[in-house]
Amino acid sequence: MATERRAEVTWQGDLMGGSGTVESVGSGAFGPLDVSWPSRAEDSNGKTSPEELIAAAHASCFSMALANGLAQSGNAPESLSVSATVTFVPGTGITRSALDVLGVVPGLDEDAFRQAADDARENCPVSQALKGNVELTLNARLQSS
Amino acid sequence: MPRVRRTADVTWEGNVARGHGAISARSGAFEAFPFSLASRISQAEGTTSPEELLAAAHAGCYAMSLSNELTQAGSPPERLSVTATCTLDEVEGEGHRIVAMELEARGSVPGMDAEAFRRSAQAADESCTLSHLVRASADVNVRAELEEAS
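Sequence lines, in order, name chains A and B.
The working numbering puts the first sequence at residues -17 to 127.
The working numbering puts the second sequence at residues -7 to 142.
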């Protein structure tokens, strides 16, 4: 069954001097969040940006795909700590999303964990939506429980 | 040009069916948003999801692209409203995929007619980096409508 998720943004003025707001999202989980070109392309100054929101989408999607892959092979994780760092080159676009995961997974060795993490990197829905022109890198490590 | 990097952190505990996670932004703009499988694929119940965050990213990116296109056409907008709707679906043989992103733009743009606004809205889809990227798995559609300038 298809699931729809919605977000609303308003913008006032030109790109360089104007400003915008992620007014609300369908779930009601957040908003308003301010955005602007300077906080996107230079220092964030506490404001989010499209790239940070993609990083949040990618990290959360990857963590679920990895938890699923590990559980299916009989090693559900105790915990996964994931970060995604998205690189934006003004004038070129988004060039990279770098995933970093530290897992606590009882009974699993490092090689098997890396393999499961690579499979999640390749196949999670957000990876599939971004792949092609974006480099998707992965650094996966196990922490002893 | 400088490279800009933005990072988000996620923690996840347990298996996918009954586990849960939390999402934080390094900018400090948001912290510890909860998420889970149930709230991702059935009722959201106040909880965000990867697809909602992607919709927010795309609406923000597209609004900036459209503002830029309108300014280059000589008519910077007074106000733009952009709604992005992201659809996750099961695709046979592939599992869950992001299959569609619908963008609806409404604009208050002094001195611009409806046809020129639609042209800028199309150009913004072509210049928006996220529109370009998500086409790896999603159909992207843009609908644009001009409002009366105030």
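Every residue gets a Cβ at the ideal spot worked out from N, C-alpha and C, and that includes glycine.
Measuring CB to CB, does residue i end up less than 9 Å from residue j?
i, j, result
"B/E137", "A/Q(-6)", "no"
"A/A111", "B/A47", "no"
"B/S59", "A/D(-4)", "yes"
"A/V116", "A/R78", "yes"
"A/G75", "B/H12", "no"
"A/P59", "A/V17", "no"
"B/A97", "B/A115", "no"
"B/F72", "B/A55", "It should be noted that the sequence gives Leu, not Phe, for residue 72 of chain B. Yes, the pair counts as a contact, with Cβ atoms nearer than the cut-off."
"B/L62", "B/T75", "no"
"A/N105", "A/A38", "no"
"B/A195", "B/S67", "There is simply no residue 195 of chain B to check, as chain B begins at -7 and stops at 142 in what is shown."
"A/M(-17)", "B/E82", "yes"
"A/S9", "B/G103", "no"
How long is the line joining the alpha carbons of residue i and residue j, rounded to whole angstroms?
i, j, result
"A/A168", "B/R18", "Here chain A comprises residues numbered -17 to 127, so residue 168 of chain A is not present and cannot be evaluated."
"A/N50", "A/F12", "26 Å"
"A/T64", "B/I15", "For the record, residue 64 of chain A in the displayed sequence is Val; it is not Thr. So the alpha carbons of these two residues sit roughly 9 Å apart."
"A/N121", "B/A65", "44 Å"
"B/T3", "B/E139", "43 Å"
"B/A9", "A/A53", "9 Å"
"B/R111", "B/V134", "11 Å"
"A/R102", "A/S31", "The sequence shown places Ala at residue 102 of chain A, rather than the Arg named in the question. Cα to Cα, the separation comes out at about 25 Å."
"B/E43", "B/G87", "15 Å"
"A/W19", "B/C53", "10 Å"
"A/N57", "B/A36", "28 Å"
"A/E(-14)", "B/C78", "6 Å"
"B/D1", "A/D100", "18 Å"
"A/V4", "A/D91", "42 Å"
"B/S57", "A/M(-2)", "11 Å"
"A/S6", "A/G114", "30 Å"
"A/F70", "A/A94", "32 Å"
"A/R(-12)", "B/F22", "18 Å"
"B/T(-1)", "B/S28", "20 Å"
"B/A113", "B/G99", "10 Å"
"A/T119", "B/I33", "27 Å"
"A/G73", "A/S21", "16 Å"
Pull up the CB-CB distance for residue i and residue j, whole angstroms please, since I reckon it's below 8 Å.
i, j, result
"B/A130", "B/A92", "5 Å"
"A/V83", "A/E33", "Not a contact, Cβ separation roughly 19 Å."
"A/G28", "B/G20", "5 Å"
"A/F44", "A/A23", "Not really, about 26 Å apart at Cβ, beyond 8 Å."
"A/S61", "B/E5", "5 Å"
"A/S55", "A/A98", "7 Å"
Along the alpha helix (DSSP H) that carries residue i, what are the first and last residues, could you check?
i, result
"B/V101", "Where B/V101 is concerned, there is no enclosing alpha helix (DSSP H), given that its DSSP letter is neither H nor E."
"B/V126", "T121 to V126"
"A/P107", "P107 to L112"
"A/A(-11)", "No alpha helix (DSSP H) holds A/A(-11); the beta strand (DSSP E) holding it covers T(-15) to Q(-6)."
"A/F44", "P32 to Q54"
"B/L62", "P42 to Q64"
"B/A36", "Taken as a continuous stretch (DSSP letters only), B/A36 belongs to no alpha helix (DSSP H), as it is neither H nor E."
Looking at the unbroken beta strand (DSSP E) that takes in residue i, where does it start and where does it end?
i, result
"A/V17", "L15 to V17"
"B/N133", "D131 to E139"
"B/R(-2)", "V(-4) to E5"
"A/S6", "S1 to V7"
"A/E117", "E117 to L124"
"B/R18", "Segment: none, B/R18 is in no beta strand (DSSP E) and carries neither H nor E."
Measuring from the CB of residue i, is there a heavy atom of the ligand PLP at a distance below 8 Å?
i, result
"B/M104", "For the ligand PLP, the structure offers nothing, since it holds no ligand at all."
Chain D beta carbons: is any one of them nearer than 9 Å to that of residue i?
i, result
"B/R135", "The question asks about chain D, but that chain is absent: this structure's protein chains are A and B."
- Message: Along the region 100 to 132 of chain B, where does the CB come closer than 7 Å to a CB of chain A? Name the residues.
- Response: T121, L122, H124, L125, V126, A128, S129 and A130
- Using a beta-carbon distance cut-off of less than 9 Å, what residues from the region 73 to 94 of chain B approach chain A? S73, V74, T75, A76, T77, C78, T79, L80, D81, E82, E86, G87, H88, R89, I90, V91, A92, M93 and E94
- Got a sec: which bits of the region -6 to 13 of chain B sit with their beta carbon under 7 Å from any beta carbon on chain A, in order along the chain? R(-5), V(-4), R(-3), R(-2), T(-1), A0, D1, V2, T3, W4, E5, G6, N7, V8, G11 and G13
- Between the region 42 to 65 of chain B and chain A, which residues of the former have CB atoms less than 7 Å from a CB of the latter, in chain order? P42, E43, E44, L45, L46, A47, A48, A49, A51, G52, C53, A55, M56, S59, N60 and T63
- Task: Residues of the region 25 to 43 of chain A with a CB closer than 7 Å to any CB of chain B: list them in chain order, please.
- Result: S26, G28, K29, T30, S31, P32, E33, E34, L35, I36, A37, A38, A39, A41, S42 and C43
- Item | Members of the region 0 to 18 of chain A near chain B, C-beta cut-off 7 Å | G0, G2, V4, V7, G8, S9, G10, A11, F12, L15 and V17
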